[in-house]
Amino acid sequence: MHLEVLVTDSAEAVTAQQAGATRLELVSEMERGGLTPPPQTVQSVVHSVTIPVHVIVRPHDDGFVYDRAQRQAILRNAARLRDLGVSGVAFGALDAAGHVDTEFVQEVLSVSRLPMTFHRAFDSTPSLSASYATLAAIEGVERVLSAGGADNAWDGRYWLRELCCGNTTPHILGAGAIDSQNVEALIGFTGLREVHVGRGARTDGSLDAGKIERIARLMKLPIRS
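Quick note, the numbering used here runs 92 ahead of the 1-based positions in the sequence shown.
Written out as structure tokens, the structure reads:
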């Protein structure tokens with residue numbers, strides 16, 4: 093089981109690890125869905141914790157199709173993450189028709205030399221099953237962040253169960269309004285073995301160690317405090 097918690101700085105990273113997170117996703121501008129954090133923040137977070145840190149590479153919150161200049165910026169940002177000690181990259185790109193942009197995904201994998209979580213751009217594709225098959229054929233894509241094509245993971249639980257069937261690679265990282273009220277039932281229904289928590293780990297916008305601890309206990313994960 094893995095509990096991935098969304099964090100924005102080193103203080104939150106330490107809190108999340110102590111409360112039971114087994115992996116972190118580092119972002120900036122969480123209110124915009126998470127954008128690429130600055131290198132100094134990445135370095136600070138990596139040095140403050142012992143669990144894996146995955147960093148989002150996303151230059152804007154206006155969809156998942158990128159022009160030439162944006163692609164170059166994405167590749168530059170992805171290329172330096174490994175040297176900063178990052179364990180993985182969170183990234184997603186679609187073509188003009190809304191399908192997985194396989195060529196660009198492979199470029200990002202090549203320059204980053206890190207395993208990838210294909211983020212919730214996946215849920216915007218016209219066919220989740222076809223998109224999953226496409227991503228499964230790309231070496232280096234280790235997991236897919238998804239709410240089963242719905243606004244939240246509970247509403248998308250039937251698709252999440254379908255995607256988790258067989259526990260194949262890439263692994264499904266369930267996301268979307270997951271909290272202590274639904275995580276146990278969601279895991280039981282879908283078979284998820286990895287859960288991503290963002291706002292479900294916060295109170296009034298601030299990271300809440302108690303909420304993370306409750307989720308971790310429901311997932312039967314050890315607390316490090």
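Cβ atoms here follow ideal geometry from the backbone N, Cα and C, with glycine treated the same way.
Beta-carbon proximity check, residue i vs residue j, cutoff 8 Å
{"i": "residue 238", "j": "residue 264", "result": "yes"}
{"i": "residue 118", "j": "residue 99", "result": "yes"}
{"i": "residue 313", "j": "residue 93", "result": "yes"}
{"i": "residue 255", "j": "residue 310", "result": "no"}
{"i": "residue 176", "j": "residue 135", "result": "yes"}
{"i": "residue 281", "j": "residue 249", "result": "yes"}
{"i": "residue 204", "j": "residue 156", "result": "no"}
{"i": "residue 95", "j": "residue 287", "result": "yes"}
{"i": "residue 173", "j": "residue 147", "result": "yes"}
{"i": "residue 198", "j": "residue 230", "result": "yes"}
Residue interval of the alpha helix (DSSP H) (run including residue i)
{"i": "residue 302", "result": "301-310"}
{"i": "residue 197", "result": "194-204"}
{"i": "residue 246", "result": "Residue 246 -> no alpha helix (DSSP H), and no H or E assigned at all."}
{"i": "residue 220", "result": "220-228"}
{"i": "residue 82", "result": "The structure shown does not extend to residue 82, since the chain is modelled only from 93 through 317, so no value can be given for it."}
Start-to-end residues for the beta strand (DSSP E) that takes in residue i
{"i": "residue 286", "result": "286-289"}
{"i": "residue 115", "result": "115-118"}
Reference residue i, options the options, closest by Cα
{"i": "residue 194", "options": "175, 223, 179 and 141", "result": "223"}
{"i": "residue 105", "options": "130, 234 and 144", "result": "144"}
{"i": "residue 241", "options": "214, 298, 258 and 235", "result": "214"}
{"i": "residue 269", "options": "276, 245, 109 and 287", "result": "245"}
{"i": "residue 179", "options": "262, 294, 124 and 139", "result": "139"}
{"i": "residue 275", "options": "171, 261 and 290", "result": "290"}
{"i": "residue 259", "options": "267, 236 and 243", "result": "236"}
{"i": "residue 133", "options": "101, 113, 226 and 123", "result": "101"}
Paired residues, beta bridge with residue i - DSSP
{"i": "residue 238", "result": "266"}
{"i": "residue 210", "result": "183 and 236"}
{"i": "residue 143", "result": "Residue 143 is not bridged to any residue."}
{"i": "residue 279", "result": "DSSP output for residue 279 lists no bridge partner at all."}
{"i": "residue 96", "result": "115 and 288"}
{"i": "residue 127", "result": "120"}
{"i": "residue 298", "result": "295"}
C-alpha gap between residue i and residue j, whole angstroms
{"i": "residue 80", "j": "residue 182", "result": "Residue 80 is absent from the model: the chain starts at 93 and stops at 317."}
{"i": "residue 163", "j": "residue 120", "result": "19 Å"}
{"i": "residue 228", "j": "residue 108", "result": "30 Å"}
{"i": "residue 295", "j": "residue 252", "result": "27 Å"}
{"i": "residue 189", "j": "residue 110", "result": "43 Å"}
{"i": "residue 196", "j": "residue 185", "result": "7 Å"}
{"i": "residue 130", "j": "residue 103", "result": "16 Å"}
{"i": "residue 149", "j": "residue 165", "result": "10 Å"}
{"i": "residue 158", "j": "residue 306", "result": "39 Å"}
{"i": "residue 232", "j": "residue 201", "result": "7 Å"}
{"i": "residue 243", "j": "residue 303", "result": "21 Å"}
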